[in-house]
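Residue numbers (my numbering): 22 to 1112.
Cβ atoms here follow ideal geometry from the backbone N, Cα and C, with glycine treated the same way.
What follows is one structure encoded as structure tokens, with my remarks underneath.
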Amino acid sequence: MSQPIIPGKLSRPPRPAGYLPRPRLENLWDDWRRRRLVLVTAGAGFGKTSLLAAVTAACTRPVAWYSLDEMDADPAVFRDHLLAAVSAGESRGGGDDARDLAKTVRVLRDRERGSVLILDDLQLAATSPDVLGFLERLVRYLPAGHTLTLASREPLDIATMKLRTQGAVAELHAADLAFRPDEAAALFNARYPDAALDAELAELVVRRTEGWAAGLEILLQALEGPQEDQVRDALSRLREAGSGWFAYFAEEVLRQLPRETRDFMRRSSLLPRLDSELCDAALGIEGSGRILAELCRRNLFTVRLGRKGEGFRYHGLFEDFLRKLQAREGTPAEGLRLRRNAARILESRGEWGDAMLAHAEGGAHGAALSLLEKRGEELLAAGRHEIVHRSLAALPASSLVRRPVALLVQGHVLEAQGDLREAEATYRKALSCATSGRQRVELMSKMAQVKLRLGQYQAGINLCRKALREPARPDAATRGRLLDMIGISMCDLGRLDEGERHLHEAREVFGKTRDEEGEARAFYLLQSNIHYRRGDFHRAKDAARRALVIFRKRGDLRQVCHCLGVLSHITADACEVREARELAREGLRLAGSLDYQLIEGYCRLALGRCAIATGDHERAQEHYAAAASCGERVGESGLLVFPQLGLAEAAGRAGRRHEARRLAQRALDVSVEKKLIYQEAQARILLGSLSDRAAEARRHWRAAEQTMRRVGMRYDLHNLILVRLDEGDVPAAGRPTLLAEMLSGVAEMGHDFIFTVLAPERALRVLPDALRYEHTAAEAARHLSDMGAAAVPFVTPLLRDGDAAVSGRAAAVIDRIGGETARAALGGGEETTGGAPLRIRALGSLETIVDDRRLTLDDWRSKRALRLYQYLLVCRFRWVPRDEAIEALWPDTDLDKGLNNLRQTLHVLRRTLAGDDGAGQRPDRFVRYHNEALRLEPGDGYVYDVEQCEASLQEAESLWSDGETAAAAEPLLVAERLYRGHFLAESPYEEFTADERERLRDRLLQDVGRLCAWYARHEMWEQLVPLARRSIGLDAYHEEFHQRLVEGLAGLGHRAEALEAYHQYETLMIEELDLLPSNRLKALAERLAAG
């Protein structure tokens, strides 16, 4: 007998009010329409119905919709409604199963090709084998060109393997529906159009809500306003959601479950962890593992931890809801008994952190305190800050009174969280009740450490000295640590010599007791506080690397992370971009896994500096903003100022001078307030450069110079002198002296990168003036020659100088630079080479076309001649002093033998390039030798693929700077095509090629990384995947490209291939580097695997 049809079940829901368009998911619809079956499986509140309603609202194809309820588990009701849905109410069921299936298929075949049938909330009928059987046969016989979409909270037990092998099935899971940070930010912006959610806060929102759509809605409802502090406050209250939206979803989940399962979830939520053995033992039942696995399979807010049976966990909000339910439905005695059972079991298994938490939450405060005092520092050292924090939060404050060891651990937790004031107060309480002299010394050292982080250096010194005078003399390790802190404080007060003395004394203390860890720490403190601030980057890096080796050997990950952060910061300031970027990325991965926000901030600073050095001001701004967020969270003085200085510099270089001045002034204000003399000096240099008033600029520069000279900040002083000389702030009579000081200091300290990387425009305007003075001319000529053709226009005016010595020096510099621009400046004084120019391909395997001849590697009979040719290509058509060439090619020979080698090799090289057709041409047509220097002369109109590649990269970078991102893609892809392989790939171990090869590779990969990120933001998966694959071919260890490849494959719906790509990278990292992929990439893979 036919059942009455309920029209509302067959009506397509309207697009929800306030629905946020999600192109990442909506664009999948074009792909789905080519599939026969679409499975949308996710728990309650993930937005399945909203998404399907939105995509079908704009669909031009016929759509039939069927929303199920509990009554549809009856096969007759189900078939009647299904047939009514596909026939628009014109047909009814009522026959047997086979007849209704045949009628349904016939109706679909008669409908317009390409129609869509959506069955929503199918889990409500999934308990009926007859309904599932009918669906399985419908899938098998579904007419071609139609799409069946099944939306359910639980996986459906229907056979789809054959369709899967045909590529006819598309799937969408909770991990796909979960909001990403950019989507959460867009949702926030839709609610608050005049506000924006920054990237770091958006990531935090997604992490706390786990991307759950309903959780985001709960958060937005709880918001009192759009400010960052209001968002953070709402997040802290989010887990208290026990009514309203969340209660609705939670009750929906529990209502479907048997009483036994509901009771299991309610009671097990009190346990500190979910594994089958613990649940069975603590709850006094059997079969917990089976229940948890089934909850996970059905997407009932239960997640499996890892793939090796590590256990399960409930969704954070759901766990809190279950605990509130237990408080309502259970008894306090039951809750205490469950937790104490769990504590006893966990303690017997040696799982101290979980046992401590269970004791604390179970009211066994004495047992919890005992574990806290015995194991607290050990747990913190292992990175388990969260469980120690939760245990402390569960203990009444009165239980900690007069417990100095417990207070010490609490202070340590507060310090790690960045709550420095509260940490200091806690250490002070512990000090007031400490009975042991050793405890007093330890607590004073902890208080001194907090004082240092707060910028209260003199107070820190006083505490350290007081601790050293304690009757119970500190042991060697504590004494060394106290001397370290005195040394650091002295440095921060600008007394570098005293600081250096104390740090060396600390190192001696550690050395005498063979404390390798303490000695390593003293090494990196020396480099970061003494050598770095003096601008002695070579010594700073050497000390940091020694410390890094020691900590790696010891397996101390936190100290390794610290070293990586500091070392990346130093190498970035020294403009060693490639090394700094690699160190910072490794440091970021490690900091993320250890939740070490201080070092995350310094790694971000290093990446921002690298981006500034390569002209990527947008990326620099992102990194500096992330570093600023870290600084606000941890309260560390340096991270409160350095990011602001970086943001100011990025804004200034991008032409936003007003914004740059505002940021630099903020940095100066904080520096003055906190007495940060180094940062104050740097802020004044920048503010002076940005000022429109000469008097104001001069005031800032004078103050900065006084500090730098007093303290010994030579690197910053060289920068300042260059700025003052360029801005005309130095009287004519004083210029020779300052030029000499700057040039001699740059040569002594190895600061050439100031001229070539940091401020080449200023250097080109200032250095030609140094050619006027005999005592500065040689160094200026060296730098100008290295800067190549760009220097010619700036040196050319000196050719007309009335002083013959000055014009002669200028002519020598231009002649050494060489090339068309130089010849034009010298009035065409050089002969032209005649004949066709060279066409050179050095990206990949070397190939040179001379006239109509093609020279490949097989054509080079002399390895020496090939090496000389490669070396001259590295030198880029500039004049190379013969001694420099000999040192590069034959470093172990004496000068006479080296000259003989050079003459013979030069002769062979010329003959090789000239070939048999060189008769009638000058013998030195392509390789010139003059005034004890040589250079490659490729001829007018030459073609060099390296320069072509760089020109395309420059064009792309300029378009990026102008905001024309889409237009930048074309020249960048041209550069990527020109890059057939690494520079001079046939000589991977030749030392003189390494820097040029790495520079070219890093520049290309950085720009390609920007394009990959742009493709990902715009979900241009088809363009992203091949570009990411080619980039991995150039640098297999570059995680960003592996991340983009996995994202792209997932975006295309190739989930298995995406997971395979991840596992290949994971295997590579483990086998080659003994590292794991970053948490971000692992989370992406876990979402894909869970889906």
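Cα-Cα separation between residue i and residue j, rounded to whole angstroms
| i | j | result |
| --- | --- | --- |
| W1042 | L46 | 13 Å |
| L484 | E997 | 58 Å |
| T854 | F947 | Only weak support is given to the placement of T854: the predicted model assigns it a pLDDT of 47, under 50, and the value that follows is read from those uncertain coordinates. Spanning the two alpha carbons is a distance of roughly 7 Å. |
| P353 | K533 | 57 Å |
| T933 | W881 | 7 Å |
| L1105 | P1098 | 11 Å |
| I239 | W233 | 10 Å |
| L41 | L237 | 12 Å |
| H1003 | Y794 | 42 Å |
| S982 | D219 | 21 Å |
| L819 | V778 | 24 Å |
| R860 | E538 | 56 Å |
| A648 | S88 | 49 Å |
| L400 | V462 | 22 Å |
| L68 | E436 | Strictly speaking, residue 68 in this sequence is Gly, with Leu absent from that position. Distance between the alpha carbons of G68 and E436 is about 40 Å. |
| L392 | C454 | 20 Å |
| R174 | L140 | 12 Å |
| G501 | G458 | 17 Å |
| E762 | E726 | 13 Å |
| V871 | G936 | 9 Å |
| A418 | R424 | 11 Å |
| R830 | Q891 | 29 Å |
| R134 | V76 | 18 Å |
| A799 | E908 | 20 Å |
| L416 | E382 | 8 Å |
| L1109 | G64 | 16 Å |
| D1023 | G371 | 48 Å |
Chain-order list of residues whose beta-carbon lies under 8 Å from that of residue i (same chain, five-residue window excluded)
| i | result |
| --- | --- |
| S806 | A812, V834, R837, I838, R899 and W900 |
| L326 | G332, F333 and R334 |
| Q479 | S510 and L514 |
7 Å CB neighbourhood of residue i in its chain, flanking five on each side removed
| i | result |
| --- | --- |
| A780 | L743 |
| G432 | A444, T447, Y448, A451 and K467 |
| G308 | none |
| I27 | none |
| A989 | A977, L980 and W981 |
| G629 | A641, H644, Y645, A648 and G667 |
First and last residue of the uninterrupted alpha helix (DSSP H) at residue i
| i | result |
| --- | --- |
| V426 | P425 to A437 |
| A497 | A497 to D513 |
| L316 | S309 to R318 |
| A704 | I698 to L711 |
| S136 | No alpha helix (DSSP H) holds S136; DSSP gives it neither H nor E. |
| A988 | T986 to L999 |
Beta-carbon separation (whole angstroms), residue i vs residue j, contact threshold 8 Å
| i | j | result |
| --- | --- | --- |
| V190 | R56 | 6 Å |
| L295 | L321 | Contact flag wrong, Cβ pair sits at about 13 Å. |
| A414 | L421 | No, A414 and L421 are not in contact; Cβ-Cβ is about 12 Å, not under 8 Å. |
| S692 | E701 | 4 Å |
Beta strand (DSSP E) segment containing residue i, residue limits
| i | result |
| --- | --- |
| F333 | F333 to Y335 |
| S173 | T168 to S173 |
Own chain partners of residue i with C-beta closer than 6 Å, once the 5 adjacent residues on each side are dropped
| i | result |
| --- | --- |
| E607 | L585 |
| L654 | The sequence given here has Arg at residue 654, not Leu. G439 and Q618, listed in sequence order. |
| F1062 | A1049, S1052 and I1053 |
| A223 | P202, A205 and A206 |
Legend entry - the segment 172 to 186 touching the segment 202 to 214, judged by at least three CB pairs closer than 8 Å: no
Inset, instruction - State whether the segment 692 to 708 contacts the segment 718 to 738, with contact taken as three or more CB pairs (one from each stretch) at a distance under 8 Å. - result: yes
Inset, instruction - Kindly confirm or deny that the segment 245 to 259 and the segment 277 to 290 touch, where touching means at least three C-beta pairs closer than 8 Å. - result: No, they do not touch.
Inset, instruction - Could you say if the segment 879 to 896 and the segment 956 to 967 meet the contact criterion of at least three C-beta pairs nearer than 8 Å? - result: yes
Inset, instruction - Decide if the segment 632 to 640 is in contact with the segment 975 to 989; the criterion is three or more beta carbon pairs, one per stretch, under 8 Å apart. - result: yes
Inset, instruction - Determine contact between the segment 1065 to 1075 and the segment 1029 to 1049, defined as no fewer than three beta-carbon pairs at a distance below 8 Å. - result: Judged by Cβ distances under 8 Å, the segment 1065 to 1075 makes contact with the segment 1029 to 1049, as three or more pairs qualify.
Inset, instruction - Could you tell me whether the segment 556 to 573 touches the segment 519 to 531, using the rule of 3 or more Cβ pairs below 8 Å? - result: Because the criterion of three Cβ pairs below 8 Å is not met, the segment 556 to 573 and the segment 519 to 531 do not touch.
Inset, instruction - Flag this pair as touching only if the segment 404 to 412 and the segment 371 to 391 have three or more C-beta atom pairs under 8 Å; answer yes or no. - result: By the Cβ rule, the segment 404 to 412 counts as touching the segment 371 to 391, because three or more pairs are nearer than 8 Å.
Inset, instruction - Would you be able to state if there are at least three C-beta pairs under 8 Å between the segment 1071 to 1081 and the segment 79 to 88? - result: no
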